[in-house]
Structure formats: C-alpha cells, structure tokens
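In short: position in the sequence shown from 1, add 595, done, that's our numbering.
Glycine included, every Cβ here is placed at the ideal spot set by N, Cα and C.
Report on the following structure.
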Amino acid sequence: NAPARDRLRIAIQKNGRLAEPARSLLTACGLSWRQSRDKLFCYGESLPVDLLLVRDDDIPGLIADGVCDFGIVGRNELDEQGAARRRIGLPDAYQALRGLNFGQCRLMLAVPDEWEWTGVEQLAGKRIATSYPAILADWLAARGVDAQVVELSGSVEIAPRLGTADLICDLVSSGATLAANQLKPVETLLESEAVLAGPVKTPDDARAGLMAMLLRRLDGVVKVQD
Ligand code: PRP
Ligand code: ZN
Ligand code: MG
C-alpha cells in the first residue's frame with residue numbers, strides 16, 4: 596500500500612488545451628501555489644494541495660500508481676488507458692469523478708473526402724490509424740468488424756495521405772484538422788470533455804478530508820459556470 600500523506604497532489608496538463616482551464620478551475624476553488632523554478636511541481640500555499648504539471652497521457656498512470664490523488668484529464672485519455680488495462684486483465688485503478696464542462700471533443704472515425712460512407716461493414720480489411728487503439732479495438736469488436744488498428748502517437752491525420760492507413764480514428768474539436776487533410780467524420784466513438792479523475796478507493800489518511808472538500812468546492816464552481 597502507498598505510504599500515508601498529509602498533502603494532496605493534483606496532476607494537470609503542463610502544455611496544451613486543458614492546461615489553462617484546469618489551472619483556472621483550481622484557482623476558482625481557492626487554491627494557490629508558490630511557483631517552483633522548474634514549474635513541474637507547484638507547492639500549495641492556501642491549502643496543502645500541490646500541483647504536478649505533466650503530459651496528459653501520464654495522468655491516469657500517476658493516479659493508478661498512487662503518485663497523485665486527483666488529475667484533470669480528457670475522458671478520452673482516461674477511457675483509453677482504462678480500456679487498455681482491461682484488455683490485459685488489470686483491475687480498474689481510477690475513475691472519472693466529475694465532468695468539468697470544458698475541453699469538449701469527440702473521438703471519431705474519419706475517411707477521405709472522396710469515400711462514400713455506407714456504414715461500418717465498409718471497414719472490413721481496412722487499416723485505421725489512431726492514438727486510441729484500445730477504445731477503437733473494443734468498438735470494432737463490439738460491431739464484429741475485422742479491421743487493422745495502426746497505432747500512431749501523433750499526426751494521425753496524415754496517415755491516409757502517406758498510405759500507411761486507409762482512414763483514421765482521432766479527436767475532433769472544431770473539425771479544422773480533418774478539413775485541412777481532406778478527411779470527413781463519419782462515426783462517433785466517444786463524446787469527451789475534461790474530467791476530474793480520482794482513485795477507485797479513497798486513501799484513509801488526511802487526504803480524504805481534503806479530497807471531499809475539494810469536490811464540494813468544485814461542484815459549486817462548475818455549477819456557477821454553466
Ligand atoms: C487533436 C487531434 C487533432 C486536433 C483536432 O490533437 O489529434 O489533431 O486536436 O482538433 P480540431 O478539430 O479543432 O482541428 P491535439 O491538439 O489534442 O494534440 P495532439 O494531436 O498532439 O495530441
Ligand atoms: Zn496527449
Ligand atoms: Mg492532433
């Protein structure tokens with residue numbers, strides 16, 4: 596079991612779409628930090644709640660390992676890593692506790708503009724590039740479609756033009772990336788937004804009270820926002 600701690604640690608994205616809104620939300624909850632020089636770790640001043648600035652992909656793992664108590668991350672990332680764990684028989688290690696009303700996007704299948712989309716049967720034997728291989732594999736399996744999943748960590752939208760895949764499965768927000776790459780969205784796998792993620796089991800030390808208090812404040816703030 597992880598050692599007892601009396602300070603809370605929250606992981607948020609260092610750079611990227613969720614970084615600023617996540618920080619503002621926590622500030623609105625009354626948190627403030629003393630800036631450390633490298634800024635990867637921010638020491639909590641108003642409350643014993645510290646911030647860890649990391650890559651969004653690392654947030655689910657940090658919660659699973661008990662390094663962080665909460666994280667603000669896209670539901671897409673949380674679901675992908677949860678699905679990947681389940682596929683290899685690992686137990687659930689984190690959960691989405693609250694939707695946060697920002698970072699809305701969809702995980703979608705997108706095909707070259709010239710395709711005439713008739714339905715999922717069309718995917719048989721096709722190669723699909725994605726950074727979400729577990730969600731995609733589950734989705735295909737649930738529909739009995741036999742397609743090849745090509746995992747790419749970035750620049751997924753260029754794969755069809757390079758000939759390394761026939762179509763893609765990627766996040767769509769404004770749709771500008773798809774349009775710029777002559778792709779069109781055809782199926783939605785997941786509606787995503789930023790969530791507050793936490794452990795499956797609350798730690799039984801001083802952090803439990805801090806976590807409950809932060810959730811109460813968050814509920815007040817998120818409600819006021821929409
Ligand atoms: C996502 C996705 C697309 C883009 C879509 O990438 O992979 O590239 O956003 O957004 P749009 O519909 O508004 O054009 P993100 O910016 O999250 O960065 P990443 O690909 O580096 O993870
Ligand atoms: Zn990422
Ligand atoms: Mg991208």
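Beta carbon of residue i nearer than 7 angstroms to that of residue j
i    : j    : result
N671 : V817 : no
L766 : C700 : yes
V795 : A691 : no
C663 : R604 : yes
I723 : A742 : yes
Y689 : A774 : no
M703 : P755 : no
D674 : I730 : yes
L647 : A606 : yes
S787 : G669 : yes
C624 : L813 : yes
Distance cut-off 6 angstroms: residue i Cβ against heavy atoms of ligand 1
i    : result
G669 : no
T772 : yes
V649 : no
L762 : no
L766 : yes
S769 : yes
G749 : yes
Residue i: first and last residue of the uninterrupted alpha helix (DSSP H) it sits in
i    : result
I658 : 654-659
L646 : Segment 644-649 is the beta strand (DSSP E) holding L646; no alpha helix (DSSP H) there.
R670 : 670-682
E615 : 614-623
L757 : 754-757
First through last residue of the beta strand (DSSP E) which encompasses residue i
i    : result
R604 : 603-608
L692 : 689-694
C637 : 636-639
Q743 : 743-746
Inset, instruction - Pick out the complete alpha helix (DSSP H) segments inside the segment 697-739, 4 residues or longer, and give them in chain order. - result: Counting whole runs of 4 or more residues, the segment 697-739 contains the alpha helix (DSSP H) stretches 728-737.
Legend entry - Length-filtered (4 minimum) alpha helix (DSSP H) runs lying within the segment 760-803: Look at the segment 760-803 and you find these whole runs of alpha helix (DSSP H), each 4 residues long or longer: 771-775.
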